[in-house]
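The block underneath contains the structure these notes are about, expressed in structure tokens.
Residue numbers (my numbering): 166 to 307.
Dropping the structure here:
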């Protein structure tokens, strides 16, 4: 069993157990004539501290970057060099944000176009990724 399948199975079991406990509390409150206290008992007796984290697939394509993020990538080094050596990360970000705000629409359009190209790249990679997942699932169950 692959890690993803194991994760999904565990998560399903945990959700089923939680749902059954919630249903039990609702039923008891109804039987005891205190339907207005359902939420209170859920919060008191159902522990949310044990939650299974959402599965993060390392092979999933990276999300597309915005025009601003592409601008920051390109200009971070020059902005960092223009500030004092001991400048904090927050100072660098503030300076880049201010520079981005002053940037002409034509220059912003260049980065916006790069961002659009990155969205196309992301869509293409997600499609290929989902196709490989489908092939793995179909191949694994046959």
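Idealized CB from N, CA, C, for every residue including glycine.
CB contact flag (residue 291, residue 249, <8 Å): no
Validate contact between the segment 252-265 and the segment 197-207 using beta carbons, cut 8 Å, 3 pairs: no
C-beta contact flag for residue 280 and residue 231 at 8 Å: If you check the CB distance, residue 280 and residue 231 come in under 8 Å.
Selected residue, minimal CA-CA separation from residue 219, among 266, 302, 235 and 168: Closest option to residue 219, Cα to Cα, is 168.
Alpha helix (DSSP H) segment containing residue 224, residue limits: Where residue 224 is concerned, there is no enclosing alpha helix (DSSP H), given that its DSSP letter is neither H nor E.
Where residue 231 falls: helix, strand or coil (DSSP): coil
Assigned secondary structure, residue 211 (DSSP; H/G/I helix, E/B strand, else coil): Three-state DSSP puts residue 211 in coil, outside helix and strand.
Helix, strand or coil at residue 170 according to DSSP, with G and I counted as helix: helix
Option nearest residue 276 by Cα separation, candidates 301, 233, 229 and 181: The shortest C-alpha separation from residue 276 is found at 233.
CA-to-CA distance, residue 236 to residue 265, given in whole angstroms: Looking at the two C-alpha atoms, the distance is approximately 8 Å.
Alpha-carbon to alpha-carbon, residue 188 and residue 179: 14 Å
Residue 261 versus residue 284 - alpha carbon distance: 23 Å
Own chain partners of residue 203 with C-beta closer than 7 Å, once the 5 adjacent residues on each side are dropped: 190, 191 and 194
Residue nearest to residue 183 in terms of C-alpha spacing, selected from 211, 299 and 282: 211
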